[in-house]
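Input: a single structure, listed below in structure tokens.
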Amino acid sequence: MGDGLFGNPITNSTLEGLPDYVDKKNIERKDRARVALNMKNAEEKSVRAGQYLQNMKEQCNGDLGGTLCLLYNATGDPIRYVTNKDFYEGHVGPTPYPIEIANGQWAAFLHVPKSTKSPYSVGAIVYRGKDPRGVDCDWMVSWDNATDKETYRTKDNVIKCAFVCLFLFLSFYNFDKQKVQVYSEVREKDYFFSCDWEAIYKKTQVSGVCHDGVKDANNRHGCSLSASIGNSRFPILIAVFTLQDV
């Protein structure tokens, strides 16, 4: 099992050993997805993934903060890393992004800010999986975490416009108290190589602490990517990749 991966892959062989599927001749993608979703917390794999992130956290600057990311694959097939996007020069932590996440596995990684001068863990990651018909598509999760919880999000703009009292007032007045957001999209294969990342970032900024990609009018048919995030200097982000109606 690779670094940052937790849980045994759930395959046709796994289902063949379960009472509900022992006599089923044709095990389908949705069957594997359903079992993986039901076994999300089995064998303490979610606990071990969380403990792994806590160990990663201890290797980082506690004052700097970061985002503890947990991704769970219940799509019925493996998903594979495609690309990522960093904003404000944030970057992945001590270990790399997991390259492949098997069906039924948790993946864990830490995303951290560049420095206390740019205290933002803001990024996105894309994995390739399959929709219910078996067609390749790309699944994206993004997050916006201002790790300096004592500082206004618009601090840089305030400094630049300090000589204009009105702008200074508006910068403080429009401060976003939540300071953490999460967002997700599922699109066709290769979409995120030519997408408008600035538009995605703006959507992330107003998405809130929970997002269900199924509500997106352009969501890939039959796919479900939901995400949520806590609110602390090291918030936990949880994203579940699965299929609708499993």
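Sequential numbering from 15 applies to the sequence shown in the numbering used here. A virtual CB, placed ideally from N, CA and C, is assigned to each residue, including glycine. Since this is a predicted model, take the numbers as computed values, not measurements.
Between the alpha carbons of residue 35 and residue 211 lies a distance of about 43 Å. The beta carbons of residue 20 and residue 83 sit no closer together than 7 Å. Residue 236 has its alpha-carbon roughly 12 Å from the corresponding atom of residue 143.
For residue 251, the enclosing beta strand (DSSP E) begins and ends at 250–257.
Counting C-beta pairs closer than 8 Å gives three or more between the stretch 146–157 and the stretch 198–207, which meets the contact rule. Here the alpha carbon of residue 85 sits roughly 11 Å from the alpha carbon of residue 93.
Contact annotation: residue 18 and residue 46 have beta-carbon atoms that are not nearer than 7 Å.
When DSSP reads this structure, residue 70 sits in no beta bridge, so it has no partner.
Under DSSP, the beta-bridge partners assigned to residue 144 are 150.
Here the stretch 107–121 makes contact with the stretch 58–77; the two share three or more CB pairs at distances below 8 Å.
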